[in-house]
Amino acid sequence: MSSLEIIDLKTHFPTPDGTVRAVDAIALSIREKETFGVIGETGCGKTVPGLSIMRLLHTTAMAEGEIIYAGKNLLGVSEAEMRAVRGEEIAMILQNPTTSLNPVLRVGEQIAEAIQLHQGLNKRGAKEKAVEVLDAVKIPSPSRHANEYPHEFSRGMKQRVMLAMGLACDPALIIADEPTKGLDVTIKAQIVELIKKVTEKKVMLLITHDLGVARILATNPDLIIADEPTSSLDVSVQAQILNLMKYLQKKFDHTYLFISHDLDVVRIMADQIAVMYLGQLVEIRKTRDRFNYAKHPHTQALLSAVTRLTRGAEDRKRTLIRGDTPSPIDIPKWVQVSHTMPTKRRDLHDRKAETCRNRRKASCGMSFYLNIENRNVYVTANAMI
Amino acid sequence: MIDYILKRMLQLIPALLLVSVMSFSIIYFAPGDPAETLCTGPDGNANPKSVEEFRIKMGLDKPLYTQYLIWLNNVLHGDFGYSYQSGIPVFDHIKRAFGATFKLSVVSLIISLTISIPLGIISAIKQNSPVDLACMVGASLGVSMPNFWLGLLLMLLFGVYLGWLPVAGYGDGGDLEHIILPAITLGTGSAAITARLVRSSMLEALGQDYIQTARAKGVSERIVIGKHALKNALIPVVTMVGLNFGYLLNGSVVVETIFGWPGIGRLTVDSINMRDYMMVQGCIVFVAVLFVVINLLVDISYRYIDPRIRYEAA
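Chain order of the listed sequences is U and X.
For the first sequence, our numbering gives the first residue as 83, with consecutive numbering after it.
For the second sequence, our numbering gives the first residue as 8, with consecutive numbering after it.
Right under this line is the structure:
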């Protein structure tokens, strides 16, 4: 049985330069207890169906077609009926928690508002319920935080508050518009897990450009790209996150493309490691081959720079990198010393490197193709990949 | 918070010293002489002997810096001197005049806010509609109309032709009848400016993401506007209204003069005309203190409207 059905929805915005067809004749059907992902790049109009369902579009916008929810066409009901639906039956978690929370109202008050409105609770009852919801989204000491203002919250916490606000009245359908946009990957992962947990028995329409998030929430993920997921955390938390990622990988068969500058982290996580330097992939090898046999001078330097606490470790000779990183405009010869990649890949890479050399350009946008096959590949990046 | 207020109060000291030195010297160097002005009889000639006597009595024969230091010393002992003209202590004059100005200011502020806030909100909600256009044309008119002209028109209409209200005067301690016309005159101008500001900051607030959040919760449009948008929109408005109230409290010379309102603005100008040095000096210092205090109050009030603001006595 379908919970929400969108039939031939057209949402157009008339502008002086002509009509913008933000959504043009889309049709979709969301079953009960299902998570449905909508993916697309920025500006492709993926937020608009969500706003059309909620009827929160700008007054000049024109929405045609049918949005059938609980047997009625939401595009046809009165504004008062629509208000009763909003927040209570369908909740929308808007993107960007920083600007989506009212800066001058207390967080608890903002959550309690919908509860008071839809569930007929008095102010105190609604406040208590709001604290419960904050607790459910794992805000620590929720009763204290309920009395704080949004600016006292971190971004991840604000996102949790947005979630709490959406879940406050236990809606049947949740529209999540980029629920993890602008968050650190770690916090993103937490939020994603949280969404997963709290929306278990609910219908969710997820709008995102983030394939990773969509995959985790909507289907089983095949590949997750983690860009510096632990770089700003302290060691104990870092370990927790890494363990969590490993656990998730085993459970869900994730594949990670793990980007980090931290060799220890990568040793724990990766099966294969690629070292990047000055926009080039200088070395790829399997983790079990040990770093000690690294051929490229930069890899050697990187390795020797790692502080070890084992006995006698401090006696070994360090290769220190002298001076600044060479300019990527004029890449020195030694950068391309060694490639210990499989032949095929190597050929591909050499050609790329050749082009780079010839152009003598910074961040030459080198793209490379890795054979991932459920293996973790490590890229230590001094430049973008 | 208390540290912050204390710090601001300390900053007041150099400002007041500077203000008093400047006003003291300006009056001193300005043409005219209080002794001659006061001692001029109906025949138009001052008696040189009594002029000289007055000068010595009031210490006007001493050099400027000595006069200033004497004045400063007295002020620090709580003595603002006596009016040359009436012989009554300056402070009593100021107290009475300020009472009148305060009444007028409060009433005009109330009038100004009751007009401007609803108009600003309506214009913002009905942006680009005929209602909005009418409000904003009205606001432009209100800003550009000189208030003495508006005052005279109101006087003519309600005082002369309709006879509903007294034309001018203070009445029985500034009763409502007498206060209405000058208050409307003063309130209209500031209402026009405030309405424009309310409109623009409301428009800004209504475009924010949290408004969408509120709507997505199913909150009615009235609460969206009256609670979520207005509370944010009021932050800049408070600054302006506060400063405006500061100006009102300094007394509007023009309006007080045409309506015969015995306020602080008129007192200052009259004292200047009479070369009543002590009065002028007292008025100027009083107004300066008032302005700084109002500014401080505005700054403190932010804290209650905008929780993001914290004060530190840095």
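Ideal Cβ positions, reconstructed from N, Cα and C, are used throughout, including at glycine.
Look at the alpha carbon of Arg442 of chain U and the alpha carbon of Asp252 of chain U, and state the distance between them as a whole number of angstroms. Here residue 442 of chain U refers to the residue found at position 360 when the first sequence is read from its first residue. Here residue 252 of chain U refers to the residue found at position 170 when the first sequence is read from its first residue. Low per-residue confidence applies at Arg442 of chain U: pLDDT is 35, beneath 50, and the placement is therefore not dependable, though the value from the model is reported in the following sentence. Distance between the alpha carbons of Arg442 of chain U and Asp252 of chain U is about 58 Å.
9 Å is my cut-off, CB to CB: does Lys133 of chain X come that close to chain U? In the second sequence, residue 133 of chain X corresponds to position 126, counting from 1. No, Lys133 of chain X lies away from the interface with chain U (no Cβ there is under 9 Å from its Cβ).
Just the C-alpha distance for Ala145 of chain U and Glu275 of chain U, rounded to the nearest angstrom, thanks. Here residue 145 of chain U refers to the residue found at position 63 when the first sequence is read from its first residue. Here residue 275 of chain U refers to the residue found at position 193 when the first sequence is read from its first residue. Ala145 of chain U and Glu275 of chain U: Cα-Cα distance of roughly 34 Å.
Report the neighbours of Asn178 of chain U on chain X: residues whose CB is nearer than 7 Å to its CB, in chain order. What you label residue 178 of chain U is simply residue 96 of the first sequence in a count that begins at 1. Ordered by position in chain X, the residues that pass the 7 Å Cβ test against Asn178 of chain U are Asp216.
Could you list which residues in chain U have their beta carbon closer than 9 Å to that of Gln288 of chain X, in chain order? Taking the second sequence and counting its residues from 1, the one referred to as residue 288 of chain X is at position 281. Within chain U, no residue comes near Gln288 of chain X; the closest Cβ sits about 44 Å away, beyond 9 Å.
Between the C-alpha atoms of Leu183 of chain U and His227 of chain U, what's the straight-line distance to the nearest angstrom? If you number the first sequence from 1, residue 183 of chain U lands on position 101. If you number the first sequence from 1, residue 227 of chain U lands on position 145. The alpha-carbon atoms of Leu183 of chain U and His227 of chain U are separated by roughly 14 Å.
Could you tell me the alpha carbon to alpha carbon distance between Gln198 of chain U and Glu163 of chain U, rounded to whole angstroms? Residue numbering aside, residue 198 of chain U sits at position 116 when the first sequence is read from its first letter. Residue numbering aside, residue 163 of chain U sits at position 81 when the first sequence is read from its first letter. Approximately 17 Å, taken between the alpha carbons.
Would Ile265 of chain X and Tyr309 of chain X qualify as a contact pair, given that the criterion is a beta-carbon distance under 9 Å? Numbered from 1 along the second sequence, position 258 holds the residue referred to as residue 265 of chain X. Numbered from 1 along the second sequence, position 302 holds the residue referred to as residue 309 of chain X. No, the Cβ-Cβ distance between Ile265 of chain X and Tyr309 of chain X is not below 9 Å.
Spatial distance of Ile411 of chain U from Gln241 of chain U (CA atoms): On the first sequence, position 329 is the one that residue 411 of chain U refers to. On the first sequence, position 159 is the one that residue 241 of chain U refers to. Any reading at Ile411 of chain U is ruled out, since the residue's pLDDT is 49, under 50, leaving its predicted position unreliable.
Under 9 Å by beta carbon: chain X residues contacting Tyr231 of chain U: Locating residue 231 of chain U in the first sequence gives position 149, counting from the first residue. What Tyr231 of chain U touches in chain X: Pro314 and Arg315.
Measure from the C-beta of Glu87 of chain U to each C-beta in chain X and report whether the shortest distance is under 9 Å. Working through the first sequence from its first residue, we reach residue 87 of chain U at position 5. False, the Cβ-Cβ gap to chain X never drops below 9 Å.
Following the continuous alpha helix (DSSP H) through Gly207 of chain U, name the residue where it begins and the one where it ends. Numbered from 1 along the first sequence, position 125 holds the residue referred to as residue 207 of chain U. Element bounds for Gly207 of chain U: Lys205 to Ala218.
Given a cut-off of 9 Å, decide if Glu87 of chain U and Ile175 of chain U are closer than it, judged by their beta-carbon atoms. In the first sequence, the residue the question calls residue 175 of chain U occupies position 93. In the first sequence, the residue the question calls residue 87 of chain U occupies position 5. Contact flag unset, no.
Give me the DSSP bridge partner(s) of Pro96 of chain X. As a first step, residue 96 of chain X must be located in the second sequence, where it is residue number 89. Pro96 of chain X pairs with X:Tyr89.
Could I get the ranges of all uninterrupted beta strand (DSSP E) runs contained in the segment 142-194 of chain X, with 3 residues as the minimum, in chain order? none
Can you give the Cα-Cα distance for Cys46 of chain X and Ser57 of chain X, rounded to whole angstroms? Taking the second sequence and counting its residues from 1, the one referred to as residue 46 of chain X is at position 39. Taking the second sequence and counting its residues from 1, the one referred to as residue 57 of chain X is at position 50. Going by the C-alpha atoms only, they are around 7 Å apart.
Whole-number beta carbon distance between Ala143 of chain U and Leu249 of chain U, since they are thought to touch under 8 Å: As a first step, residue 249 of chain U must be located in the first sequence, where it is residue number 167. As a first step, residue 143 of chain U must be located in the first sequence, where it is residue number 61. No, Leu249 of chain U and Ala143 of chain U are not in contact; Cβ-Cβ is about 27 Å, not under 8 Å.
With a cut-off of 8 Å on the beta carbons, I'd call Ile291 of chain X and Val82 of chain X a contact; round off their distance for me. Numbered from its first residue, the second sequence carries residue 291 of chain X at position 284. Numbered from its first residue, the second sequence carries residue 82 of chain X at position 75. Incorrect: roughly 12 Å between the Cβ atoms, too far for contact.
Inspect the CB distances between the segment 211-222 of chain U and the segment 179-196 of chain U and report whether three or more fall short of 8 Å. yes
Curious, which full-length alpha helix (DSSP H) runs of at least 4 residues does the segment 136-193 of chain U contain? 161-167 and 179-182
Using a cut-off of 8 Å between C-beta atoms, extract the partners of His235 of chain X located in chain U. Here residue 235 of chain X refers to the residue found at position 228 when the second sequence is read from its first residue. Residues of chain U passing the Cβ test: Asn184 and Leu187.
Going straight from the alpha carbon of Ile89 of chain U to that of Glu148 of chain U, what length do you get? Counting from one through the first sequence, the residue named residue 89 of chain U turns up at place 7. Counting from one through the first sequence, the residue named residue 148 of chain U turns up at place 66. Taking the straight line joining both Cα atoms gives about 5 Å.
Check whether the segment 243-256 of chain X touches the segment 114-121 of chain X, counting contact only when three or more Cβ pairs, one atom from each stretch, lie closer than 8 Å. yes
Grouping DSSP H, G and I as helix and E and B as strand, with all else coil, what is Leu391 of chain U? Taking the first sequence and counting its residues from 1, one reaches residue 391 of chain U at position 309. Any reading at Leu391 of chain U is ruled out, since the residue's pLDDT is 49, under 50, leaving its predicted position unreliable.
Gly147 of chain U CB to nearest chain X CB: under 9 Å? To locate residue 147 of chain U, count along the first sequence from 1; it is residue 65. No, Gly147 of chain U does not count as interfacial toward chain X.
Spatial distance of Gly270 of chain X from Leu133 of chain U (CA atoms): For the purposes of this step, residue 270 of chain X is identified with residue 263 of the second sequence, where counting begins at 1. For the purposes of this step, residue 133 of chain U is identified with residue 51 of the first sequence, where counting begins at 1. Distance between the alpha carbons of Gly270 of chain X and Leu133 of chain U is about 57 Å.
Can a CB atom of chain A be found closer than 9 Å to the CB of Glu214 of chain U? Among the chains of the structure shown, chain A does not appear; the protein chains present are U and X.
Taking 7 Å as the limit between beta carbons, can you name the residues of its chain near Leu391 of chain U, skipping five residues before and five after? Residue numbering aside, residue 391 of chain U sits at position 309 when the first sequence is read from its first letter. Confidence at Leu391 of chain U is low in this model, with a pLDDT of 49, below 50, so its placement is unreliable and the value that follows should be read with caution. Answer for Leu391 of chain U: no residue qualifies.
Below 8 Å on the Cβ atoms is my contact criterion, and I expect Leu105 of chain U with Lys238 of chain X to pass it. Report the Cβ-Cβ distance as a whole number of Å. In the first sequence, counting from the first residue as 1, residue 105 of chain U sits at position 23. In the second sequence, counting from the first residue as 1, residue 238 of chain X sits at position 231. Correcting the residue type first, residue 105 of chain U is Val in the shown sequence and not Leu. Going by Cβ atoms, the distance from Val105 of chain U to Lys238 of chain X rounds to 34 Å, so no, they are not a contact pair.
How would you list, in chain order, the residues of chain X whose beta-carbon sits under 8 Å from the beta-carbon of Asn196 of chain U? Here residue 196 of chain U refers to the residue found at position 114 of the first sequence. Reading off the sequence, residue 196 of chain U comes out as Ala, not Asn. Going along chain X in sequence order, the residues near Ala196 of chain U (Cβ under 8 Å) are Lys224, Gly225 and Val226.
When you compare the segment 220-227 of chain X with the segment 189-199 of chain X, are there three or more beta-carbon pairs, one atom per stretch, that lie closer than 8 Å? no
Put His235 of chain X into one of helix, strand or coil per three-state DSSP. Here residue 235 of chain X is taken as the residue at index 228 of the second sequence, counted from 1. Reduced to three states, the DSSP call for His235 of chain X is helix.
How many Å lie between Arg168 of chain U and Leu169 of chain X at the Cα? Counting from 1 along the first sequence, the entry for residue 168 of chain U is found at position 86. Counting from 1 along the second sequence, the entry for residue 169 of chain X is found at position 162. Going from the Cα of Arg168 of chain U to the Cα of Leu169 of chain X covers about 55 Å.
I need the DSSP call for Val105 of chain U, collapsed to helix, strand or coil. Working through the first sequence from its first residue, we reach residue 105 of chain U at position 23. Strand at Val105 of chain U.
Within a Cβ cutoff of 8 Å, which residues of the same chain sit near Ile301 of chain X, ignoring the five residues on either side of it in sequence? Counted from its first residue, the second sequence places residue 301 of chain X at position 294. The answer, listed in chain order, is Gly249, Leu250, Phe252, Gly253 and Leu256.
Considering only the beta carbon of each residue, do Val262 of chain X and Asn135 of chain X sit closer than 9 Å? For the purposes of this step, residue 262 of chain X is identified with residue 255 of the second sequence, where counting begins at 1. For the purposes of this step, residue 135 of chain X is identified with residue 128 of the second sequence, where counting begins at 1. Result no, Cβ atoms of Val262 of chain X and Asn135 of chain X do not sit closer than 9 Å.
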